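Enquirer:
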Amino acid sequence: MTYTHNCEDCGNEWMSEVVKEDCPDCIIKDLFILTPEQDKAFKALKVAFKKCKKAGLFMYNNYGQLGVADENRISEYNDTPSPFADGYTAHNPNEFQLPCNEWADDPHYFHASSTKRR
Ligand SMILES: [Zn+2]
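For the sequence shown, my numbering begins at 623 and goes up steadily by one.
This is the structure we're talking about:
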C-alpha cells in the first residue's frame, strides 16, 4: 500500500509505503540549521578568511592540509611540475590540518545522526 503525504510546513507532497513519516525535504533543511554559538563561530571563520585574503595570503589545500604563503611569492599551486618543491616535501610551517574532507569531487552524501525535526 502506498500513502500520500503532505507537509504542512513546506507544502511538499510525497508518497511512501509508511503510514506516517516526517517530510524528507524539511529533514534535509534541518540538517543545516546551526545553533547560535555555531552560527557565531562560523561567521567568525568567514571574517577570518576575508582578513587572510585582504592581507595577501595565498591559500592552498593539500589533501586537507590548509597552507598559506605570501601571494606575492606564489602564483599558482597545481599539478604541473615546477623547479620548486611539491606540496608533500615543501614542509611549509604555515599549515594545519582541516578537520574536514579534503574534497568531494564525486557525489557525496550526508548521513544524518538524527532525523528528528528541530
Ligand atoms: Zn516539509
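Even for Gly, the Cβ is constructed at its ideal location relative to N, Cα and C.
Note that this is a predicted model, so its numbers are computed, not measured.
From the DSSP secondary-structure annotation, give me the bridge partner or partners of L741.
Expert: One cannot answer for residue 741 here, as it falls past the ends of the chain, which runs 623 to 740.
Enquirer: Give the single residue among E693, D647, C645 and T624 whose Cα lies nearest to the Cα of S638.
Expert: Of E693, D647, C645 and T624, the residue nearest in Cα terms is T624.
Enquirer: Leaving out five residues on either side along the sequence, give the residues of the same chain with a beta carbon under 6 angstroms from the beta carbon of C645.
Expert: C629 and N634, listed in sequence order.
Enquirer: Measuring alpha carbon to alpha carbon, tell me which residue in D631, K662 and P703 is nearest D647.
Expert: The shortest C-alpha separation from D647 is found at D631.
Enquirer: For N714 and D701, what's the separation of their Cα atoms in angstroms?
Expert: If I take the Cα positions, the gap works out to 17 angstroms.
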